[in-house]
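Here is the structure we will look at, set down as structure tokens.
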Amino acid sequence: MGYPSEAKRIGKSTSVVQLTFALFLTELVRSAFLLSFLPAYAAEQQMTIAAVGVAISVHYLADTVIKLVAGYALDRFPLRLILNVFLLLGLLGLFLSYGIIAPWAIIVGAALLGIGISPIWLLCLSLIREDQRGSQMGSVYTVWLAALGLGPVAVNFLIDRSYAMTFWLLAGIWIAGWALAAAKRIPFVQGSLSAAAVPLKQQMRDLRRKLSRMKPLVPGMIVQTLAAGLLVPVLPSFASRYLTLDYSSYSLVLMGGGLMTVLLLIPMGRLADKRGHQGLLIVGFAALAVSLGLLIYSRQFFSTFLLAACLGTAYAAVLPAWNALMSYFVPADQKATGWGVLSGIEGIGVILGPIAGGWMAERFDETVTVAVSALLLLAIALFYWIHPVRRYAPAYGDGRDEVEGGSIQHR
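Listed below in structure tokens is the structure:
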């Protein structure tokens, strides 16, 4: 490539910022389209709620599965080619869902949208700097949460005016994110160019050997997303039946927890970089479990709001620390593929959680689902307290990084 070391560092930092902003725009469109526009538009066109539910499930299934393919492609083919192809597929998904009034169209369109957004996520994670894992992870997830919250709220105000206007605005924002992600001025450094000369079978053998070191992460990856997924179908009814919250109060509680997460993600990431990721991870999971368990017994708005704020704070501690720990296990020469595999494993919990949570709530009641979710989170905290991840973390890359005491030491 011919980059001096300092120029490569600056270029990589620039890429993270620019891609993170592209991530914000595309995630804003995804959240707005799936959570607000599509359900309302489908109802307007007299399509069933079941069709919308299938479309959303297929979207996340496609997003999870395709990360494996997208990661492999990003490590072996020109990055802008991959971005252009995938983001084009996402845009086609938007037009298909809106342009053809049929259940199959919204299902296929939602799947294409999930496929289209995958590469930006993987690239943002692949370009994280080794000495700022926690803080940069915090920044990326802050942007994601901001887009996740802003998209549906903004669209709700626009839908009353015109579905057509809302759709074209979302399509325009997606195109803007596409243009930013594929901009020529991003100085991508493709770390796997040397791998292109290695036979495919050898690449696969090397990747399997390196990914086998990720085994200590698997329990946490699946169980934490399963615990979160359990809550998805039951939270609204749990809030109304057991927490005695009306819609406005429930919205305030969600906003309080979400605001604490967004405000604290970057500070918690910096704290994890400074003090070590392992300890913050254990405390965060334990705090999530305790706060969620206490929520079952809350009957006052103030206590519910306070517990939601505690949940948001604990989540802000877990998210950057967990992803920073995962980054230790990602092969330096095949980062996108490694992140794709990790994201695919995490997706198992996302897919199974809502199904299991709905079944538990129907078979027993919502409090059982919440209690099981809390116990799973507590089990993760105890597991990683007894079996610290850092014991198994390899020192990928040039061999100069070593994990000691939950933080990276440079030799």
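If you count the sequence shown from 1, you need to add 1235 to reach my numbering. Using N, Cα and C, we set each Cβ at its ideal position, and we do this for glycine too. For clarity, every value in this text was computed on a predicted model and none was experimentally measured.
How about residue i and residue j: are their beta carbons less than 8 Å apart?
i: L1323; j: A1406; result: no
i: L1461; j: A1257; result: no
i: A1507; j: S1526; result: no
i: W1381; j: F1259; result: Residue 1381 is actually Ala in this sequence, not Trp. The answer is yes: Cβ separation under 8 Å.
i: F1392; j: V1605; result: no
i: G1584; j: A1552; result: no
i: G1511; j: G1547; result: no
i: I1580; j: V1453; result: yes
i: G1344; j: S1332; result: yes
i: I1342; j: F1321; result: no
i: P1387; j: A1267; result: yes
i: A1290; j: I1394; result: no
i: W1409; j: T1261; result: yes
i: A1524; j: A1616; result: yes
i: T1479; j: R1396; result: no
i: W1574; j: L1316; result: no
i: G1325; j: L1348; result: yes
i: A1418; j: G1528; result: no
Alpha carbon to alpha carbon, how far is residue i from residue j?
i: L1254; j: I1355; result: 7 Å
i: P1466; j: W1557; result: In the sequence under discussion, the amino acid at residue 1466 is Leu, which differs from the Pro named in the question. When rounded, the distance between both Cα atoms is 20 Å.
i: A1431; j: I1621; result: The predicted position of A1431 is uncertain, since its pLDDT is 45 and thus under 50; a value taken from the coordinates is nonetheless stated next. Approximately 41 Å, taken between the alpha carbons.
i: P1623; j: S1578; result: 21 Å
i: V1252; j: G1514; result: 28 Å
i: S1374; j: P1502; result: 9 Å
i: A1346; j: F1564; result: 29 Å
i: S1447; j: N1319; result: 32 Å
i: G1592; j: V1603; result: 9 Å
i: Q1280; j: L1296; result: 25 Å
i: Y1376; j: P1555; result: 8 Å
i: G1464; j: S1292; result: 12 Å
i: Y1477; j: G1582; result: 29 Å
i: D1481; j: G1504; result: 34 Å
i: S1429; j: G1306; result: In this prediction, S1429 scores a pLDDT of 41, lower than 50, which makes its location untrustworthy; the coordinate-derived value is nonetheless stated afterwards. Cα to Cα, the separation comes out at about 16 Å.
i: L1269; j: L1611; result: 28 Å
i: L1613; j: A1340; result: 41 Å
i: M1400; j: P1451; result: 48 Å
Measuring alpha carbon to alpha carbon, tell me which of the options ends up nearest residue i.
i: G1384; options: I1517, G1573, L1263; result: L1263
i: I1457; options: L1360, A1521, V1576; result: V1576
i: L1487; options: F1540, L1516, A1340; result: F1540
i: L1516; options: Y1295, F1618, F1537, R1311; result: F1618
i: L1499; options: L1348, L1296, V1378, P1338; result: V1378
i: G1455; options: M1595, A1521, L1404; result: A1521
i: M1282; options: L1303, R1265, I1335, Y1376; result: I1335
i: M1561; options: L1360, L1523, L1529, R1265; result: L1360
i: R1265; options: H1294, V1287, G1288, A1286; result: H1294
Flag residue i as yes if its beta-carbon sits less than 8 Å from any beta-carbon of chain C, otherwise no.
i: R1315; result: The chain labelled as chain C is not found in the depicted structure, where only one protein chain is given.
Exercise for review: Jot down the residue ranges of each uninterrupted beta strand (DSSP E) in the region 1588-1622, minimum 3 residues, whole runs only, in chain order.
Suggested key: Listed in chain order, there is nothing to give.
Exercise for review: Return the chain-ordered ranges of every alpha helix (DSSP H) run that is complete within the region 1253-1284 and spans a minimum of 4 residues.
Suggested key: DSSP runs (the alpha helix (DSSP H)) wholly in the region 1253-1284: 1273-1279.
Review point. What are the start and end residues of each continuous alpha helix (DSSP H) run of 4 or more residues lying completely inside the region 1446-1517, in chain order?
Key: List check, alpha helix (DSSP H) in window: 1453-1466, 1470-1476, 1482-1510.
Practice item. At 4 residues or longer, and completely inside the region 1312-1391: list those alpha helix (DSSP H) runs for me, N to C. Key: For the region 1312-1391, the continuous alpha helix (DSSP H) assignments of 4+ residues that do not extend past its boundaries occur at 1314-1334, 1338-1361, in sequence order.
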